[in-house]
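Residue numbers (my numbering): 247 to 388.
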């Protein structure tokens with residue numbers, strides 16, 4: 247038998263395809279974490295939000311479109327950040343030492359190192375790139 251885990255809180259914001267949207271997304275996340283008393287996670291979460299927003303801006307959002315940032319806190323303490331965009335393609339972490347690692351994909355290397363889990367989901371059109379952090383008192387999912 248599985249217990250359904252409920253969302254305690256969720257906050258969402260939309261940004262236009264503009265460079266200034268990345269610091270705005272980071273500031274939004276900072277305020278949400280403060281509201282939820284999760285400042286201890288701020289450094290990792292803010293860097294990951296910044297990287298995902300930058301990727302959406304550079305690779306995922308066609309001109310004239312927006313991307314959406316959603317932060318969710320679940321009753322088991324799981325924190326999730328999602329960036330929804332309407333672009334195609336699936337982001338991938340580059341192979342260490344490969345040519346692609348030189349410039350593109352380094353942000354996802356950071357995300358994979360700082361988040362407990364991350365991935366990509368489908369959206370029509372586009373995709374959802376997400377990352378999660380388990381509560382600090384746990385080492386992983388139950």
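The beta carbon of each residue, even a glycine, is placed where N, CA and C say it ideally should be.
Predicted model, so just to flag it, every value in this text is computed and none were measured.
Self-check item: C-alpha distance - residue 290 paired with residue 273, whole-angstrom precision
Solution: Here residue 290 refers to the residue found at position 44 of the chain shown. Here residue 273 refers to the residue found at position 27 of the chain shown. Computed Cα separation, rounded: 14 Å.
Practice problem: State buried or exposed for residue 353, treating a residue as buried only when at least 16 other CB atoms are found within 10 Å of its CB. | Solution: By one-based count along the chain shown, residue 353 stands at place 107. Classification for residue 353: buried.
Self-check item: Whole-number beta carbon distance between residue 257 and residue 317, since they are thought to touch under 8 Å
Solution: Taking the chain shown and counting its residues from 1, the one referred to as residue 317 is at position 71. Taking the chain shown and counting its residues from 1, the one referred to as residue 257 is at position 11. Contact flag correct, Cβ pair sits at about 5 Å.
Practice problem: Have a look at 282, 314, 310 and 284 and flag the residue whose alpha-carbon is nearest the alpha-carbon of residue 296. | Solution: In the chain shown, counting from the first residue as 1, residue 296 sits at position 50. Closest option to residue 296, Cα to Cα, is 314.
Quiz item: Does DSSP put residue 273 in a helix, a strand or coil?
Solution: Taking the first residue of the chain shown as position 1, residue 273 is located at position 27. In this structure, residue 273 counts as helix in the three-state DSSP scheme.
Practice problem: Rank 312, 359, 323 and 364 by C-alpha distance to the C-alpha of residue 336 and give the top, closest one. | Solution: As a position in the chain shown, residue 336 is number 90, starting the count at 1. It is 364.
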